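To start, the structure itself, in C-alpha coordinates.
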Amino acid sequence: MRYLKIILIIFLILLIPFWAIFIEPNTLLVNRVKMNIPNWPENKKGYKILFIGDLHTGSPFNYEDKIKRIVKLTNKENIDIVLSVGDYVIYGVVGGKFIPTEITAKILSKIKSKQGFITVLGNHDWWKGGFKAKKALEENGFIVLENEAINIAHKNEKPIWIAGLADNTERIVDIDKTLKQVKSGEPVIMLTHEPDTFPQIPNSVSLTLAGHTHGGQIRLPFIGSIFTASIYGDKYAKGYIVENGKRLFVTTGVGTSILPARFLCPPEIVILELK
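Taking the numbering used here as reference, the numbering of the sequence shown is continuous, increasing by one, and the terminal residue is 282.
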(Lines of atoms letter the chains of each structure in order from A and count residues from 1; the text may use other names and numbers.)
(Lines give C-alpha, C1' and ligand atoms only; values in the text may rest on other atoms or scores of the structure.)
Protein backbone atom coordinates (compact mmCIF):
# COMPACT_ATOMS: atom_id res chain seq x y z
CA MET A 1 0.00 0.00 0.00
CA ARG A 2 2.86 2.39 0.86
CA TYR A 3 4.51 1.82 -2.55
CA LEU A 4 1.17 2.30 -4.27
CA LYS A 5 0.81 5.73 -2.64
CA ILE A 6 4.32 6.68 -3.70
CA ILE A 7 3.61 5.60 -7.28
CA LEU A 8 0.35 7.59 -7.25
CA ILE A 9 2.11 10.72 -5.99
CA ILE A 10 4.83 10.40 -8.65
CA PHE A 11 2.14 9.89 -11.29
CA LEU A 12 0.31 13.06 -10.22
CA ILE A 13 3.56 15.05 -10.13
CA LEU A 14 4.23 14.02 -13.74
CA LEU A 15 0.61 14.32 -14.88
CA ILE A 16 0.04 17.92 -13.79
CA PRO A 17 2.85 19.47 -15.92
CA PHE A 18 1.85 17.27 -18.87
CA TRP A 19 -1.75 18.44 -18.55
CA ALA A 20 -0.75 22.09 -18.13
CA ILE A 21 1.59 22.14 -21.14
CA PHE A 22 0.08 19.71 -23.63
CA ILE A 23 -3.60 19.23 -22.83
CA GLU A 24 -5.32 22.27 -21.35
CA PRO A 25 -3.84 24.90 -23.73
CA ASN A 26 -5.20 22.82 -26.61
CA THR A 27 -8.79 22.95 -25.32
CA LEU A 28 -11.43 25.61 -26.01
CA LEU A 29 -14.33 26.34 -23.67
CA VAL A 30 -17.49 28.11 -24.82
CA ASN A 31 -18.45 30.11 -21.74
CA ARG A 32 -22.12 31.18 -21.83
CA VAL A 33 -23.09 34.04 -19.51
CA LYS A 34 -26.45 35.78 -19.10
CA MET A 35 -26.50 39.15 -17.37
CA ASN A 36 -28.86 42.01 -16.58
CA ILE A 37 -27.61 45.38 -17.79
CA PRO A 38 -29.03 48.67 -16.41
CA ASN A 39 -31.06 50.74 -18.88
CA TRP A 40 -30.74 48.05 -21.56
CA PRO A 41 -33.35 48.46 -24.36
CA GLU A 42 -36.32 46.14 -23.93
CA ASN A 43 -36.34 45.31 -27.65
CA LYS A 44 -32.72 44.09 -27.33
CA LYS A 45 -33.48 41.47 -24.69
CA GLY A 46 -31.38 38.39 -25.46
CA TYR A 47 -28.76 40.43 -27.35
CA LYS A 48 -25.87 38.04 -28.09
CA ILE A 49 -22.24 39.11 -28.00
CA LEU A 50 -19.28 36.96 -28.95
CA PHE A 51 -16.57 38.26 -26.62
CA ILE A 52 -12.98 37.20 -27.30
CA GLY A 53 -9.58 38.34 -26.13
CA ASP A 54 -5.91 37.49 -26.10
CA LEU A 55 -5.98 35.21 -29.12
CA HIS A 56 -2.16 35.30 -29.22
CA THR A 57 -2.16 33.40 -32.48
CA GLY A 58 1.11 31.53 -32.75
CA SER A 59 1.36 30.48 -29.12
CA PRO A 60 1.71 26.69 -28.73
CA PHE A 61 -1.45 24.73 -29.69
CA ASN A 62 -2.95 28.00 -30.85
CA TYR A 63 -2.41 28.34 -34.56
CA GLU A 64 -4.68 29.05 -37.50
CA ASP A 65 -6.64 25.83 -36.98
CA LYS A 66 -7.87 27.00 -33.56
CA ILE A 67 -8.96 30.36 -34.95
CA LYS A 68 -10.89 28.48 -37.63
CA ARG A 69 -12.44 26.41 -34.86
CA ILE A 70 -13.61 29.60 -33.15
CA VAL A 71 -15.24 30.70 -36.40
CA LYS A 72 -16.95 27.32 -36.82
CA LEU A 73 -18.27 27.30 -33.24
CA THR A 74 -19.45 30.90 -33.44
CA ASN A 75 -21.29 30.47 -36.71
CA LYS A 76 -23.56 27.93 -35.01
CA GLU A 77 -24.80 30.78 -32.79
CA ASN A 78 -27.06 33.67 -33.70
CA ILE A 79 -24.51 36.36 -32.83
CA ASP A 80 -25.50 40.04 -32.86
CA ILE A 81 -21.99 41.46 -32.58
CA VAL A 82 -18.37 40.43 -31.98
CA LEU A 83 -16.35 42.39 -29.41
CA SER A 84 -12.64 41.84 -28.78
CA VAL A 85 -10.07 43.34 -26.41
CA GLY A 86 -6.95 42.73 -28.47
CA ASP A 87 -3.61 40.92 -28.32
CA TYR A 88 -3.94 39.14 -31.65
CA VAL A 89 -0.22 38.31 -31.84
CA ILE A 90 2.49 36.96 -29.53
CA TYR A 91 5.72 38.47 -28.32
CA GLY A 92 8.26 36.15 -26.75
CA VAL A 93 6.15 33.19 -25.64
CA VAL A 94 8.26 30.02 -25.17
CA GLY A 95 7.77 27.61 -28.08
CA GLY A 96 5.63 30.01 -30.10
CA LYS A 97 5.96 31.39 -33.61
CA PHE A 98 4.92 34.84 -34.78
CA ILE A 99 1.82 34.87 -36.98
CA PRO A 100 0.91 38.29 -38.46
CA THR A 101 -2.41 39.91 -37.62
CA GLU A 102 -3.28 39.83 -41.32
CA ILE A 103 -3.66 36.04 -41.20
CA THR A 104 -5.73 36.02 -38.01
CA ALA A 105 -7.95 38.88 -39.22
CA LYS A 106 -8.69 37.14 -42.52
CA ILE A 107 -9.86 34.00 -40.69
CA LEU A 108 -11.91 35.95 -38.13
CA SER A 109 -13.63 37.89 -40.91
CA LYS A 110 -15.56 34.67 -41.67
CA ILE A 111 -17.51 35.02 -38.41
CA LYS A 112 -21.18 35.73 -39.08
CA SER A 113 -22.61 38.51 -36.93
CA LYS A 114 -25.41 41.00 -37.54
CA GLN A 115 -23.47 44.09 -36.49
CA GLY A 116 -19.88 43.25 -37.34
CA PHE A 117 -16.69 43.12 -35.29
CA ILE A 118 -15.42 45.87 -32.97
CA THR A 119 -12.09 45.71 -31.16
CA VAL A 120 -9.32 47.53 -29.35
CA LEU A 121 -5.63 46.66 -29.51
CA GLY A 122 -3.51 45.18 -26.72
CA ASN A 123 0.07 45.64 -25.59
CA HIS A 124 1.39 42.72 -27.69
CA ASP A 125 -0.21 44.24 -30.78
CA TRP A 126 1.65 47.49 -30.16
CA TRP A 127 4.92 45.71 -29.41
CA LYS A 128 4.76 44.08 -32.86
CA GLY A 129 3.58 47.14 -34.81
CA GLY A 130 0.20 48.43 -33.71
CA PHE A 131 -0.59 50.61 -36.72
CA LYS A 132 0.08 47.68 -39.04
CA ALA A 133 -2.25 45.50 -36.95
CA LYS A 134 -4.92 48.21 -37.01
CA LYS A 135 -4.68 48.44 -40.80
CA ALA A 136 -4.92 44.65 -41.20
CA LEU A 137 -8.03 44.49 -39.02
CA GLU A 138 -9.73 47.42 -40.75
CA GLU A 139 -8.99 45.98 -44.18
CA ASN A 140 -10.92 42.88 -43.10
CA GLY A 141 -13.94 44.92 -42.06
CA PHE A 142 -13.27 45.33 -38.33
CA ILE A 143 -13.77 48.60 -36.44
CA VAL A 144 -10.73 49.43 -34.27
CA LEU A 145 -11.39 51.89 -31.46
CA GLU A 146 -8.89 53.93 -29.45
CA ASN A 147 -10.48 56.37 -27.00
CA GLU A 148 -13.52 56.38 -29.26
CA ALA A 149 -17.20 55.45 -29.06
CA ILE A 150 -19.75 54.56 -31.73
CA ASN A 151 -23.52 54.11 -31.73
CA ILE A 152 -24.39 50.70 -33.14
CA ALA A 153 -28.19 50.98 -32.94
CA HIS A 154 -30.20 50.99 -36.13
CA LYS A 155 -32.08 54.12 -37.18
CA ASN A 156 -35.06 54.98 -34.94
CA GLU A 157 -33.83 52.56 -32.24
CA LYS A 158 -32.68 53.51 -28.76
CA PRO A 159 -28.90 54.13 -28.97
CA ILE A 160 -26.41 51.49 -27.84
CA TRP A 161 -22.80 52.63 -27.59
CA ILE A 162 -19.60 50.60 -27.88
CA ALA A 163 -16.61 52.48 -26.51
CA GLY A 164 -12.97 51.43 -26.73
CA LEU A 165 -10.01 52.65 -24.70
CA ALA A 166 -6.36 52.84 -25.71
CA ASP A 167 -3.99 50.22 -24.34
CA ASN A 168 -3.04 51.11 -20.78
CA THR A 169 0.65 50.16 -21.03
CA GLU A 170 1.70 51.37 -24.48
CA ARG A 171 -0.73 54.20 -25.28
CA ILE A 172 -2.55 57.00 -23.44
CA VAL A 173 -5.94 56.11 -21.96
CA ASP A 174 -8.51 58.92 -22.03
CA ILE A 175 -11.77 57.84 -20.41
CA ASP A 176 -13.27 61.36 -20.32
CA LYS A 177 -12.64 61.98 -24.01
CA THR A 178 -14.13 58.59 -24.87
CA LEU A 179 -17.33 59.03 -22.86
CA LYS A 180 -17.91 62.61 -24.01
CA GLN A 181 -18.85 61.03 -27.33
CA VAL A 182 -21.70 59.16 -25.60
CA LYS A 183 -25.00 60.88 -24.85
CA SER A 184 -25.81 60.95 -21.14
CA GLY A 185 -28.01 58.13 -19.86
CA GLU A 186 -27.60 55.89 -22.89
CA PRO A 187 -26.23 52.33 -22.43
CA VAL A 188 -22.55 51.89 -23.23
CA ILE A 189 -20.29 48.84 -23.30
CA MET A 190 -16.63 49.71 -22.69
CA LEU A 191 -13.78 47.71 -24.22
CA THR A 192 -10.41 47.91 -22.48
CA HIS A 193 -7.50 45.55 -22.90
CA GLU A 194 -6.44 45.67 -19.24
CA PRO A 195 -8.91 45.42 -16.35
CA ASP A 196 -6.72 47.78 -14.29
CA THR A 197 -8.67 50.71 -15.78
CA PHE A 198 -11.93 49.44 -14.24
CA PRO A 199 -11.76 51.42 -10.96
CA GLN A 200 -11.54 54.67 -12.97
CA ILE A 201 -14.50 53.89 -15.22
CA PRO A 202 -17.67 55.73 -14.06
CA ASN A 203 -20.97 54.13 -13.12
CA SER A 204 -22.56 55.51 -16.28
CA VAL A 205 -20.88 52.65 -18.20
CA SER A 206 -23.26 49.69 -18.36
CA LEU A 207 -20.61 46.98 -18.75
CA THR A 208 -16.82 46.87 -19.09
CA LEU A 209 -15.13 44.05 -21.00
CA ALA A 210 -11.43 43.29 -20.51
CA GLY A 211 -8.73 40.66 -20.98
CA HIS A 212 -4.93 40.75 -20.62
CA THR A 213 -4.72 38.66 -17.43
CA HIS A 214 -5.44 35.27 -19.09
CA GLY A 215 -7.10 34.48 -15.78
CA GLY A 216 -3.56 33.98 -14.49
CA GLN A 217 -3.08 31.01 -16.89
CA ILE A 218 -2.01 28.80 -13.97
CA ARG A 219 -4.40 28.60 -11.02
CA LEU A 220 -3.79 26.47 -7.96
CA PRO A 221 -6.57 24.93 -5.86
CA PHE A 222 -7.49 27.08 -2.82
CA ILE A 223 -4.83 29.64 -3.83
CA GLY A 224 -5.85 31.03 -7.20
CA SER A 225 -3.53 32.49 -9.77
CA ILE A 226 0.20 32.85 -9.22
CA PHE A 227 0.60 35.85 -11.54
CA THR A 228 -2.01 37.95 -13.38
CA ALA A 229 -0.15 40.91 -14.96
CA SER A 230 -2.42 43.21 -12.94
CA ILE A 231 -1.60 45.65 -10.16
CA TYR A 232 -4.70 44.30 -8.41
CA GLY A 233 -3.45 40.72 -8.34
CA ASP A 234 -6.27 38.18 -8.58
CA LYS A 235 -9.05 40.73 -7.93
CA TYR A 236 -9.91 41.29 -11.60
CA ALA A 237 -8.31 38.14 -12.98
CA LYS A 238 -11.33 36.55 -14.62
CA GLY A 239 -15.08 36.25 -14.83
CA TYR A 240 -18.01 38.48 -13.92
CA ILE A 241 -17.31 41.08 -11.24
CA VAL A 242 -19.78 43.56 -9.74
CA GLU A 243 -18.19 46.33 -7.69
CA ASN A 244 -19.77 49.52 -6.38
CA GLY A 245 -22.65 49.10 -8.80
CA LYS A 246 -20.31 48.69 -11.80
CA ARG A 247 -20.03 45.57 -13.94
CA LEU A 248 -16.88 44.00 -15.37
CA PHE A 249 -16.30 40.79 -17.29
CA VAL A 250 -12.73 39.59 -17.81
CA THR A 251 -12.08 36.75 -20.24
CA THR A 252 -9.34 34.18 -19.65
CA GLY A 253 -8.51 34.52 -23.36
CA VAL A 254 -7.56 31.94 -25.95
CA GLY A 255 -3.77 31.84 -26.21
CA THR A 256 -0.87 31.95 -23.77
CA SER A 257 1.88 34.43 -23.02
CA ILE A 258 5.41 34.00 -21.60
CA LEU A 259 4.85 30.41 -20.40
CA PRO A 260 3.01 28.09 -22.83
CA ALA A 261 0.93 26.54 -20.05
CA ARG A 262 -2.54 26.66 -18.52
CA PHE A 263 -3.80 24.88 -15.41
CA LEU A 264 -7.37 25.08 -14.11
CA CYS A 265 -7.81 28.06 -16.43
CA PRO A 266 -8.81 26.79 -19.89
CA PRO A 267 -8.90 28.94 -23.04
CA GLU A 268 -12.35 30.36 -23.68
CA ILE A 269 -14.60 32.28 -25.97
CA VAL A 270 -17.55 33.94 -24.25
CA ILE A 271 -21.15 34.20 -25.41
CA LEU A 272 -22.73 37.06 -23.47
CA GLU A 273 -26.51 37.32 -23.54
CA LEU A 274 -27.73 40.72 -22.31
CA LYS A 275 -31.12 41.76 -21.00
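The beta-carbon is built from N, C-alpha and C at its ideal position, and this holds for glycine as well. Predicted model, so just to flag it, every value in this text is computed and none were measured.
Asked	Found
Beta carbon of Glu155 nearer than 9 Å to that of Gly129	no
Status (buried if at least 16 other CB within 10 Å, exposed otherwise) for His161	exposed
CB-CB length for Arg178 against Trp133, believed under 8 Å	7 Å
Val277 beta carbon less than 9 Å from that of Asn69	no
Helix, strand or coil at Arg226 [DSSP, three-state]	strand
Residues near Ile150 by beta carbon distance below 6 Å, same chain, minus five either side	Ile125
Straight-line Cα distance separating Leu216 from Thr199	6 Å
Range covered by the beta strand (DSSP E) that runs through Ile233	Note, Ile233: premise wrong, no beta strand (DSSP E); not H, not E.
Contacting residues, own chain, Cβ-Cβ under 8 Å from Asp241 (five flanking each side not counted)	Gly223, Gly231, Ser232, Thr235
Test item: CB-CB of Leu57 and Ser116 under 9 Å	no
Nearest-angstrom Cα separation, counted from Ser237 out to Ala27	22 Å
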